[in-house]
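Trainee:
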Amino acid sequence: MTGRVGVVCNPTAGHGRAARARTAVLEGLAATGREPVDLTGRHYDEALAATRSALADGLDAVVVVGGDGMVHLGANVVTGTSVPLGIVAVGSGNDIAGALGLPVHDVPASLDLLRRTLGQDEGTRLLDAVAVSTPGQRPDRWYVSSLCAGLDAAVADHAARLRWPRSGGRYVRAIFAELAAFRPYGFRITADGETWEQEATLVTVSNTPLFGGGMRVAPDAVPDDGLLDLVTAHGLPRHQVVRLFPLLFSGKHVDHPAVRTRRVRSVRIEPLTDVGANPPIAIVDGEPLRALPLQCDVHPRALRVLAPKVEA
Numbered sequence: 002m003t004g005r006v007g008v009v010c011n012p013t014a015g016h017g018r019a020a021r022a023r024t025a026v027l028e029g030l031a032a033t034g035r036e037p038v039d040l041t042g043r044h045y046d047e048a049l050a051a052t053r054s055a056l057a058d059g060l061d062a063v064v065v066v067g068g069d070g071m072v073h074l075g076a077n078v079v080t081g082t083s084v085p086l087g088i089v090a091v092g093s094g095n096d097i098a099g100a101l102g103l104p105v106h107d108v109p110a111s112l113d114l115l116r117r118t119l120g121q122d123e124g125t126r127l128l129d130a131v132a133v134s135t136p137g138q139r140p141d142r143w144y145v146s147s148l149c150a151g152l153d154a155a156v157a158d159h160a161a162r163l164r165w166p167r168s169g170g171r172y173v174r175a176i177f178a179e180l181a182a183f184r185p186y187g188f189r190i191t192a193d194g195e196t197w198e199q200e201a202t203l204v205t206v207s208n209t210p211l212f213g214g215g216m217r218v219a220p221d222a223v224p225d226d227g228l229l230d231l232v233t234a235h236g237l238p239r240h241q242v243v244r245l246f247p248l249l250f251s252g253k254h255v256d257h258p259a260v261r262t263r264r265v266r267s268v269r270i271e272p273l274t275d276v277g278a279n280p281p282i283a284i285v286d287g288e289p290l291r292a293l294p295l296q297c298d299v300h301p302r303a304l305r306v307l308a309p310k311v312e313a
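Position 102, counted from 1, in the sequence shown is what the numbering used here calls 103; the numbers after and before it change by one each time, with no gaps.
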């Protein structure tokens, strides 16, 4: 069996696990008769450019080795094309792989799945992807999991800069650090034509249930139903936020009276400093994006992923 497969790795992901896994993935794909093309760069932008260039030259699939940030990179290369994305989840945050039922921190199992699904129509799952834009401009970013714009974004950005503890523990540490100076943010939100203004603690536009190392921010989100889960929590004092955020790990925060979930196709989020504090930089799939305003639009079944299909 022949075919070129791009392999892109974040060598720093998972405390060095991704760098070790890259060799196994390259060798494993070569053993199947395919031509692995190593597209790993020194940094995100270099790897993104290399992968886009290789796709233009012709690839049968792109395989990312790392965490959610690498899935985000791969999605921004192959969304809207017929080229599938393979995921070897060995990062510190593997929420997208977890939501799709893919192996996590198990390279042999990931390789076995790639061998069984590459080149097989039944091995491809079509997922929704979310286009992000500055309102009135063309979309310039795709995401798979979630966009965070409230305290969730501030915590995610803080946690990304921490080196310990691993996984969700960094988010717990970051929550308490961010709470020290927290006051609720001000937003104007438009969802499927309905507009409202609110002081908010939490604002997340989710396509999958998980973010932040296992937090079930949108526990009922389905990645291939053509809808987004907009989860908001009204402005809360710090002592109530301390009680709310731990509930994100179980998804029970959605039962809190301050939390509301809406199922929508399009969301525009704008800062409104007359109502509350200026929101932080938005985070997509755990990666910093930019300041508000931002628009999110779901594109049904726009991303092909090498993953087991889910029976209806």
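In this text, a Cβ means the ideal position worked out from N, Cα and C, and glycines have one as well. From a predicted model like this one, the values you see are computed outputs, not experimental measurements.
When you compare each of Val145, His73, Phe250, Glu271 to Val9 by their alpha carbons, which one comes out closest?
Mentor: Comparing Cα-Cα distances from Val9 to each of Val145, His73, Phe250, Glu271, the minimum goes to His73.
Trainee: Quick one, are the C-beta atoms of Cys149 and Ile270 less than 8 Å apart?
Mentor: For Cys149 and Ile270, no; Cβs fall outside 8 Å.
Trainee: Where Gly87 and Glu195 are concerned, what is the direct C-alpha to C-alpha distance, given to the nearest angstrom?
Mentor: Computed Cα separation, rounded: 37 Å.
Trainee: So what's Val145 in DSSP terms, helix, strand or just coil?
Mentor: If DSSP states are grouped into helix, strand and coil, Val145 belongs with coil.
Trainee: Could you tell me if Trp143 is buried or exposed, where buried requires 16 or more neighbouring beta carbons within 10 angstroms of its beta carbon?
Mentor: Label assigned to Trp143: buried.
Trainee: Could you pull the start and end residues of the beta strand (DSSP E) that Gln241 belongs to?
Mentor: It is not in any beta strand (DSSP E) - Gln241 instead sits in the alpha helix (DSSP H) that spans 239 to 245.
Trainee: By Cβ distance, which residues of its chain are closer than 6 Å to Val265, with the 5 residues on each side in sequence left out?
Mentor: Excluding residues within five positions, the ones whose Cβ falls inside 6 Å are Ala192, Asp193, Leu229, Leu231.
Trainee: Do Ala178 and Pro281 come within 8 Å of each other at the CB atom, strictly closer than that value?
Mentor: Their beta carbons are not under 8 Å apart, which means Pro281 does not touch Ala178 by this criterion.
Trainee: Taking the straight line between their C-alpha atoms, what separation do you get for Val260 and Val133?
Mentor: Near 24 Å, if we compare the C-alpha coordinates of Val133 and Val260.
Trainee: Assess, as a yes-or-no matter, whether the stretch 103 to 110 is touched by the stretch 196 to 208 under the definition of 3 or more beta carbon pairs within less than 8 Å.
Mentor: No, they do not touch.
Trainee: Give, in chain order, every unbroken run of the beta strand (DSSP E) that is at least 3 residues long and sits entirely within the stretch 109 to 164.
Mentor: Listed in chain order, the complete beta strand (DSSP E) runs (minimum 3 residues) inside the stretch 109 to 164 are 125 to 134, 142 to 144, 147 to 149.
Trainee: Please confirm whether Thr262 and Ala100 have their CB atoms less than 8 Å apart.
Mentor: Their beta carbons are not under 8 Å apart, which means Thr262 does not touch Ala100 by this criterion.
Trainee: Which residue comes first and which comes last in the alpha helix (DSSP H) that contains Leu27?
Mentor: Unbroken alpha helix (DSSP H) run through Leu27: 18 to 32.
Trainee: To the nearest angstrom, how far is the alpha carbon of Gly187 from that of Val276?
Mentor: For Gly187 and Val276, the distance between alpha carbons rounds to 5 Å.
Trainee: Whose C-beta lies closer than 6 Å to the C-beta of Thr80 among residues of the same chain, with five residues either side of it excluded?
Mentor: Result list for Thr80: Ala130, Trp143, Ala303, Leu304, in chain order.
Trainee: Pick out whichever of Asp69, Val311, Phe183, Ala51 has its Cα sitting closest to the Cα of Val242.
Mentor: Nearest option by C-alpha distance: Phe183.
Trainee: Closest to Ala19 by C-alpha separation, out of Ser146, Asn95, Gly236, would be which residue?
Mentor: Selected option, being the one with the closest Cα: Asn95.
Trainee: Measure the alpha-carbon distance for His159 versus Gln296 and round it to whole angstroms.
Mentor: For His159 and Gln296, the distance between alpha carbons rounds to 23 Å.
Trainee: Applying the 10 Å Cβ sphere with the 16-neighbour rule, what's the burial state of Ala57?
Mentor: Exposed is the call here.
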